[in-house]
Amino acid sequence: MTRAFPWSRLGIDPTSDAGAIRKAYADALRAINVDEDIAGYAELRRARDQALWLAKQDQREEEDDFGLGDLDGDDGSDGGWDEDDWDGNDGAWDVAPGIQTPLPGPEPELSPGQLRAQAAWKDLHAVLYPNGLQSDEAVTHAELDTGLAALDALFIRAEEADLAEHDALDDALAELFARTWPRSAPFVEPANTAFHWLDEAGALEERAALRFLNQRLKGMRFHEKVQQPDHPLNRAWTELSRPGTAGMLDRLKVKRVEVDKLLGGIRTRYPELESYLDPQRVASWDRVGSLEGSPDGTGPNVVRWIFILVLVGSMLARLGSAMSERDNAGDQPSEVAVAEALREANFVVATTAIFGEGTDVAAVRKADPPFAYQLRLAMGQGATPEAALAFARNKAVQSAEVAEFDELVALAELKQLWLFAAIGSPEQCRQVLEGDFQSQPLALDKPGRMREMQLLRRLLDAGVLGHRGKAGERTFSVPGWMVDEAMERTGLGPDELGAALRDPAHPSRCRVELALRTAMLKQPGRVPADLLRWL
Amino acid sequence: MTSDMIVGIDLGTTNSAVALWQDGAPQLVPNALGKELTPSAVSLAKGGQAWVGEAALDRMATHPADTVTSFKRMMGTASTVTLAGTKLTPEDLSAMVLRSLADDVEAATGTRPMGAVITVPAYFNERQRRATRRAGEIAGLEVKRLINEPTAAALAFGLTDRGDREPFLVFDLGGGTFDVSIVEMFEGIVEVRASAGDNRLGGDDFDEALVRLVEPVLENGAALGTLPADSRRALLTLAAERTRRALSTAEEAEFNVVADGTPVTARVTTEDFEEAAAGLVKRLRDPVIRALRDSHIDVKALSDIVLVGGATRMPVVRKALTRMFGRFPNATVHPDHAVALGAAIQAGLLSGGDGLEEIRITDVAPFTLGVNSATRDAHGRLHDDIFAPIIERNTPVPVSRVERFFTLGDNQRKVLFAVYQGEARDVKKNVKLGELEVPVPPRPAGEVSVDVRFTYDTSGLLEVDVAVPATGLTRNLVIVDEEDRRSKKDIEARRKALEKLKVHPRDEAENVAMLARAERAYEGFTGPVRDFIGQALTEFQGALDKQDARIIADAREALAQLLDQIEANPPV
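The listed protein sequences correspond, in order, to chains A and B.
Okay, so the first sequence: first residue is 4 according to the numbering used here, each after it adds one.
Okay, so the second sequence: first residue is 15 according to the numbering used here, each after it adds one.
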């Protein structure tokens with residue numbers, strides 16, 4: 004009877020006894036000189052590995068494996084577990100599977116490090132499953148912070164833990180992120196840095212969850228690269244990202260094949276990237292195009308994004324000349340003041356004008372000494388309360404450079420208040436946008452004034468008011484949802500809105516900026532960081 | 015012993031050792047000083063006087079500019095050192111150490127060894143391996159095989175009882191390199207499952223961390239400032255090594271050097287040192303994880319964590335390991351001897367030594383080997399310098415693989431292959447091993463194919479064969495490495511040049527013989543006579559250390575007379 008490979012090479016009958024296979028392999032290996040029979044050695048290795056694998060399969064069947072085998076089996080397809088696999092799971096993932104701990108064993112004897120890791124895991128879990136439920140919403144800024152802090156704690160634990168725990172954490176994070184995609188998106192890259200997930204990409208033994216995440220990681224990287232001007236598909240990407248329908252001219256400028264290649268590519272490999280494109284534009288190419296498949300690019304959960312260039316005029320340092328000269332003298336007193344008492348009186352007037360009746364002057368000094376000092380110098384010339392307020396407003400604008408999230412939100416609200424007050428006068432509106440509060444006094448209504456005091460006080464307490472900002476023009480992308488919101492509020496069409504965003508002197512600019520800020524303040528965590536800071 | 019004797023040599027960063035397969039067991043051969051470890055140090059003086067080993071290390075503090083250690087870290091690079099006006103490559107320096115080890119074997123056995131198995135770090139790259147092989151040749155040794163250090167250590171560990179062993183991990187942290195191998199033993203087969211490492215991490219780095227730690231807090235530190243920079247560095251490094259050793263057994267140690275007669279000191283606690291070494295300890299993790307991943311072995315399935323290499327004595331490393339694996343590592347093998355003993359086992363295997371008939375070793379290629387390639391994307395844009403792996407890392411060796419490549423341009427006349435080693439997709443981030451060019455017949459793009467075959471042997475050396483089926487042209491191309499092009503004659507010339515260097519008197523046959531004779535006498539007697547011989551022996555060694563030919567000759571004469579006398583009139 005002739006035996007089939009691998010048994011023929013090993014010279015034994017089929018068996019599920021690993022020991023017998025190894026013995027046969029060892030005997031066969033001793034019979035050859037591996038240096039002279041490289042091919043024979045390779046074949047022998049293959050025979051042994053195959054035989055051991057078959058033996059394991061037999062054993063598994065006997066043990067009635069619980070169906071895990073096919074998860075890491077190589078089905079030859081590139082995608083493996085793809086998004087569909089996750090969604091098409093009878094909604095099994097829609098409900099959070101409870102807080103599971105990746106740490107070994109339920110033993111009560113956890114080390115302090117393990118306890119910290121467990122707490123961090125719970126935090127991260129809570130961020131990814133808001134209210135214990137699966138969510139497609141993007142994380143807010145605060146949630147991102149909490150999540151990243153928790154993730155950092157877990158990385159630290161992984162660094163100091165033994166390798167078994169390290170691997171358990173690695174597996175558990177991959178699993179968690181795969182299940183909570185796309186909400187987990189901002190956490191995947193840091194985890195990749197810590198655990199080198201991409202190194203496993205394409206490997207046969209790539210974990211199922213990683214196969215999914217690595218595909219997404221590559222998508223994010225593609226997204227970054229395709230926006231570079233030298234990328235072969237950059238023109239197609241730019242074209243498809245622009246709002247509105249593609250006109251004749253657009254079709255001449257961009258090659259059809261490039262558009263098809265891009266759309267085809269991202270639809271098969273990185274479907275999540277299509278949400279970055281303008282659906283209208285994509286649909287218009289799809290309609291006319293030779294592209295197969297229906298133009299159903301916008302799935303139910305897809306957030307619509309539109310990218311528009313915005314030029315934000317600088318809102319900085321337009322100070323009255325006398326003031327700014329004094330101001331330039333520096334933060335530290337260089338000369339002994341003669342009229343100390345007079346200045347002190349002026350200072351009280353100024354703080355009252357800015358922060359309201361009964362403000363504790365000492366507290367102001369303590370909260371932000373540089374600001375207090377600058378204000379004193381400014382008031383030394385006997386400036387009016389109006390000038391003091393204008394000074395503080397300008398300083399608030401300058402603080403954007405160093406402000407943290409909470410202060411930026413406060414600042415956005417301040418700007419909303421000011422713009423609302425100036426909306427009647429395009430001239431004053433422009434001045435507000437440039438940070439010029441000196442030329443015309445800006446009068447707020449009473450509730451507005453009260454709110455302004457609170458917000459300025461918040462900036463003061465955060466210690467950012469004393470910062471000296473630099474002037475400069477900046478360009479940004481505004482996400483689609485804000486544009487949608489702005490269109491709704493202003494009643495402007497996309498073309499007019501685009502024009503207003505591109506041109507700081509546009510008559511509708513003021514209304515548009517106000518609308519953008521209102522949109523922004525509704526969900527500040529969703530706003531790109533640089534936009535939140537500079538708009 | 016016949017002259018086809020093969021010795022096993024551990025050519026280390028800090029220390030080297032030589033061992034033989036004898037009477038069914040590996041045995042270390044002591045050097046002229048009776049020590050099993052010979053420091054990998056070389057010192058030269060004007061006029062061609064040379065010191066190797068302990069004596070060279072002794073000169074480190076007094077002649078730092080003419081003395082060199084840790085040259086293993088330079089292997090495979092183009093850098094050279096100039097000692098007392100003589101320019102030496104790292105191969106030359108290694109060859110001097112190898113020659114001194116061969117001398118020791120000759121002194122011990124009466125036979126000059128002609129063949130050697132030399133160990134290299136598993137993560138040594140192709141260039142470093144070739145350089146090691148050349149060093150052997152310059153030393154007059156035919157390098158029968160290069161064997162990976164952790165594999166050698168695994169042999170020494172695993173063959174103690176010959177039993178089957180579940181996969182175990184060899185953690186080899188030497189003076190300058192770090193290797194991790196996962197090894198399994200069954201039915202007499204020693205199978206390396208995976209290797210990973212960092213060939214720029216070792217005990218030396220911990221010394222440097224210690225120097226950085228104490229430098230700012232040294233008492234009388236100003237005295238150091240008056241010294242030339244190289245003396246200063248040498249003093250500090252030597253002191254750091256002493257302190258590091260002291261810290262292995264104590265909670266606190268004194269770091270002290272004497273600069274121009276002024277004692278310069280600092281106290282270092284284990285805690286300070288641990289903090290200073292934290293960054294280095296972190297780097298120990300990645301290779302372990304990679305080796306486990308590549309071998310598909312769960313960390314819990316490891317039967318043992320075997321420590322090899324002098325640097326694993328450090329409590330800071332052991333602590334990190336215990337934390338990493340959640341259990342205590344196995345420290346039963348001698349960390350400094352295991353590699354040489356394993357090399358001797360491999361030597362015994364090659365020469366058909368007794369009791370090794372059943373043993374076979376299989377190893378893996380620790381890194382990926384491939385060529386650069388270019389490809390056109392759908393837009394006709396050329397993407398160049400993409401790494402095309404031919405042999406993937408942790409493939410069992412020997413291995414031979416062929417890949418077919420096609421021309422990219424119409425009427426292309428030649429194809430230029432550059433051979434790389436590494437894991438990055440962009441070849442620029444990998445190590446370039448060499449390049450070769452083949453002419454191809456001019457045809458439309460994609461019509462001409464070129465087959466590239468990589469053959470990686472058990473010593474970890476690569477051979478590249480290129481065939482163009484269209485013309486029948488085949489080429490067996492040695493990698494175009496300038497150093498490698500050197501013919502046998504060049505190596506011979508280099509050997510002659512090095513032989514002109516006068517080696518330290520310790521290694522002169524006469525003295526070695528006298529020492530051996532005195533030692534034999536010492537062993538042959540007991541009681542007061544033994545003590546007497548011992549005293550005379552010490553005095554002779556003291557004379558040798560003076561390095562003055564006349565004093566040595568006198569002392570040798572006196573010792574000879576004494577021994578003659580005693581042997582002629584043996585006291586009952």
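Heads up, the beta-carbon is just placed ideally off N, CA and C, and yes, glycines get one too.
Assigned with DSSP and collapsed to three states, ALA130 (chain B) falls in strand.
Counting only runs of 3 or more residues that sit fully inside the stretch 386-425 of chain B, the beta strand (DSSP E) segments are 396-405, 409-411, 413-420, in chain order.
Of all residues in the stretch 304-315 of chain B, only ARG304, LEU306, ARG307, HIS310, ASP312, VAL313, LYS314 place a beta-carbon less than 9 Å from a beta-carbon of chain A. Nearest CB-CB separation between ALA399 (chain A) and chain B: not below the 8 Å threshold. The beta carbon of LYS228 (chain A) does not come within 8 Å of any beta carbon belonging to chain B, so the residue lies off that interface. For THR276 (chain B), the enclosing beta strand (DSSP E) stretches over residues 276-283.
Scanning chain A for C-beta atoms nearer than 8 Å to the C-beta of GLU285 (chain B) yields nothing, as the closest lies near 16 Å away.
One finds ARG25, LYS26, ALA29 in chain A with Cβ atoms closer than 7 Å to the Cβ of GLU201 (chain B), taken in chain order. At the C-beta level, ALA484 (chain B) and VAL462 (chain B) come within 8 Å of one another.
TYR273 (chain A) places its beta carbon less than 8 Å from that of PHE225 (chain A). Residue environment for GLU347 (chain A): exposed (fewer than 16 other C-beta atoms within 10 angstroms of its C-beta). Judged by DSSP in its simplified three-state form, LEU515 (chain B) adopts coil rather than helix or strand.
With 16 or more neighbouring CB atoms inside 10 Å of its own CB, MET523 (chain A) falls in the buried class. LEU476 (chain B) is not a Cβ neighbour of ARG159 (chain B), given a cutoff of 8 Å.
Closer than 7 Å at the C-beta level to chain B, one finds these residues of the stretch 259-275 of chain A: LYS264. Two segments are said to touch when three or more pairs of C-beta atoms, one from each, lie closer than 8 Å; by this definition the stretch 413-422 of chain A does not touch the stretch 481-492 of chain A. Within the same chain, Cβ atoms closer than 7 Å to the Cβ of GLY216 (chain B) are found at THR27, LEU187, GLY188, GLY189, GLY190, THR191, PHE192, ALA325, the five residues on either side in sequence being excluded. One Cα belongs to SER114 (chain A), the other to MET74 (chain B), and the distance between them is close to 47 Å. For ASN29 (chain B), the enclosing beta strand (DSSP E) covers residues 29-36. The beta carbon of VAL413 (chain B) falls within 8 Å of a beta carbon belonging to chain A, placing the residue at that interface. Residue range 20-25 is occupied by the beta strand (DSSP E) that includes GLY22 (chain B), with no alpha helix (DSSP H) assigned at that position.
For the pair GLU449 (chain B) and PHE431 (chain B), the CB atoms are nearer than the 8 Å cut-off. Contact annotation: LEU459 (chain A) and ALA399 (chain A) have beta-carbon atoms nearer than 8 Å. Following the DSSP letters along the chain, one finds THR183 (chain A) inside the alpha helix (DSSP H) bounded by residues 166-183. Taking all protein chains shown into account, GLN60 (chain A) has fewer than 16 neighbouring C-beta atoms within 10 Å of its C-beta and is therefore exposed. Secondary-structure assignment with DSSP links MET199 (chain B) through a beta bridge to B:ARG179, B:VAL204. With respect to the 8 Å criterion, SER209 (chain B) and LEU115 (chain B) are not classified as neighbours on the basis of their beta carbons. Among the residues of chain A, none has a CB under 9 Å from the CB of THR52 (chain B); the nearest is roughly 31 Å distant.
Straight through space, the alpha carbons of ASN217 (chain A) and ARG284 (chain A) are spaced by roughly 29 Å. Put simply, the CB of PHE339 (chain B) is near chain A, with a gap under 8 Å to one of its CB atoms. Within the stretch 36-51 of chain A, VAL37, ASP38, ILE41, ALA42, TYR44, ALA45, ARG48 place their CB atoms closer than 8 Å to a CB of chain B, listed in sequence order.
The Cβ atoms of ALA109 (chain B) and LEU58 (chain B) do not sit closer than 8 Å to each other. Secondary structure in the stretch 36-119 of chain B: the alpha helix (DSSP H) runs of 4 residues or longer, each lying completely within the stretch, are 68-74 in chain order. The criterion of a C-beta distance shorter than 8 Å is satisfied by VAL43 (chain B) and ALA122 (chain B). The C-beta distance from GLN53 (chain A) to PRO9 (chain A) rounds to 4 Å, short enough to fall under 8 Å. The stretch 368-383 of chain A and the stretch 450-467 of chain A touch, with three or more beta-carbon pairs separated by less than 8 Å.
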